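**Q** Residues in the sequence shown are numbered consecutively from -15, following my numbering.
All C-beta atoms in this analysis are idealised placements derived from N, C-alpha and C, irrespective of residue type, glycine included.
All of these numbers come straight from a predicted model, not from anything done at the bench.
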Amino acid sequence: MNIRYVGLVAAALALTTPALASDVWDDTGATYVDAMLQYSLLDDKRISNDDFGVQAGLGYNFAPNFALELNYGSASYRVKGFAGDAGPNEQLRAASLDLLYKFFPNSIFRPFILTGAGELQDRIGGNLDNNHSWMAEAGVGALTGIGSQSGSTRLQLRTEAKYRREFIQNNGLIPNNPGDVVFGVGLQLSFGNPTRPVPVVAAAPPPEPAPIPREVVVAPPPEPCHAPAGFQVDANCRIIEQTVVVRAVDFEFNSTQLTLPAQHTLNEVAAALQTQPELNVEVQGHTDSIGTDSYNLGLSQRRAEAVKAYLISRGLSAAVLTAKGFGKTKPIASNETAEGRAQNRRVAFEVTNGFEHVIVIKEDATDASTQAAKQGEPPNAKK
């Protein structure tokens, strides 16, 4: 398409000025008619000059955004080389079935694309034979609402530009398969559009009768509840049963450094023990079987001290915590495997004073803590 085609497309789209529509509603199921003034840029190989024509159409919006329409257009073009009105004309009459897809369903400005096919009657001169051939077309356009677009009858400004190809060959006056560009502007009027449903306004309930004044009896304030520190009570200030969960943590080989999974576990232990500040807890350190008894006893004590210090940093009182190492004397798994040794390199907890209504649940270290403890054991560690 050359520059003059682009200029006419811009001019056609510029005609889609803002509409005066107050609102927009669905148009599915509506029938419409349109009438348009056209201007055709004929194929450069044709023997005729560009000129104006007309088109009329009948369409139906059969689905949201989709329409099917029948169009008939007619135009007469002056054959090149003749002055005034004395020369012959080329008459083009097109009948087509077109499919439209429209964008922006809730807007007063609705661009669309179209494609279709039909028959083209191409006649040059009054005494020459008519030429009937197939043709196909495709293009773009826009519908701009004029007035309300929510009533059953709606008016729209229609502008479009389309390319039309005539399938004809072996004709002395008509080039083989010429292609023309057709611009159009006009009005489209649709009927039977669905209308916006009227909102149902519920009737206001009748006012309630005024309450009958009655004597107000003020109840005495409840007795204050003085629960023991850390204990939960019911609505009647009676102590109810509560549970505290403490979970062990595992350590890497020959290390007192807390792994990240161990820190997460100890954060949960600290939060649980803070709900029962009267509990006394013994922090018990353990090792695997690798190493001497004396070395492992010292290592287990250092691990217990490290956990105690961490719990104190999380807000627990040092007065209720004691640290004690047991070395390798209390394994909970086999020391013949790396998995078992990782579980034995642990710090566990023992509550040394008990209270009625408090249930203490002791749990093993998490899988994440054990797997982290396995990472530090060298492959040549002496079993």
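If you reduce the DSSP assignment to three classes, tell me which class SER80 lands in.
**A** In the three-state reduction of the DSSP assignment, SER80 falls in the strand class.
**Q** Do you know how far the Cα of LEU281 is from the Cα of ILE296?
**A** Using only the alpha carbons, I get a separation of about 23 angstroms.
**Q** If you run the structure through DSSP and keep just helix, strand and coil, what is ASP348?
**A** Coil, per DSSP.
**Q** Leaving aside the five residues before and after LEU84 along the sequence, list all residues of the same chain whose C-beta is less than 6 angstroms from its C-beta, in chain order.
**A** ALA51, PHE96 and LEU98
**Q** Fully enclosed by the region 224 to 296, which beta strand (DSSP E) runs are 3 residues long or longer?
**A** 226 to 231 and 265 to 269
**Q** Output the boundary residues of the alpha helix (DSSP H) element that contains ALA14.
**A** Unbroken run through ALA14: none, as it is neither H nor E.
**Q** Could you give the uninterrupted runs of the beta strand (DSSP E) lying entirely in the region 38 to 65, keeping only those of 3 residues or more?
**A** 50 to 62
**Q** On the DSSP bridge list, what partners appear for GLY100?
**A** ASP82 and GLU121
**Q** Between the C-alpha atoms of PRO48 and PRO89, what's the straight-line distance to the nearest angstrom?
**A** 8 angstroms
**Q** Please determine, among VAL253, ARG330 and SER174, the residue with the shortest C-alpha to C-alpha distance to LEU42.
**A** SER174
**Q** Starting from the N-terminal side, write out each stretch of the alpha helix (DSSP H) that is 4 residues or longer and does not extend beyond the region 122 to 205.
**A** Restricted to the region 122 to 205, not a single alpha helix (DSSP H) segment is unbroken, complete and at least 4 residues in length.
**Q** Using the beta-carbon count (16 or more within 10 Å), is ASP351 buried or exposed?
**A** exposed
**Q** Pick from ILE274, TYR279, GLY269 and THR259: whose alpha carbon is nearest that of SER301?
**A** THR259
**Q** Within 10 Å of its beta-carbon, does THR313 have 16 or more other beta-carbons around it, so buried, or fewer, so exposed?
**A** exposed
**Q** With C-beta atoms as the reference, is PHE36 less than 7 angstroms away from TYR56?
**A** no
**Q** Just reading off the alpha helix (DSSP H) that ARG325 is part of, what are its end residues?
**A** Taken as a continuous stretch (DSSP letters only), the alpha helix (DSSP H) holding ARG325 covers 322 to 328.
**Q** Secondary structure at ALA307, three-state DSSP: helix, strand or coil?
**A** In the structure shown, ALA307 sits in a strand (DSSP, three-state: E or B).
**Q** With DSSP as the reference, label GLN355 as helix, strand or coil.
**A** Per DSSP, reduced to three states, the secondary structure at GLN355 is helical.
**Q** What did DSSP end up calling ALA332 once you bin it into helix, strand or coil?
**A** strand
**Q** How long is the line joining the alpha carbons of ASN328 and PRO204, rounded to whole angstroms?
**A** Going by the C-alpha atoms only, they are around 60 angstroms apart.
**Q** Exposed or buried, ILE80, counting other C-beta atoms within 10 Å across all chains shown (16 or more means buried)?
**A** Note that residue 80 is Ser in the sequence shown here, rather than Ile. It is buried - the Cβ of SER80 has at least 16 other Cβ atoms within 10 Å.
**Q** Can the beta-carbon of ASP234 be found less than 7 angstroms from the beta-carbon of SER353?
**A** yes
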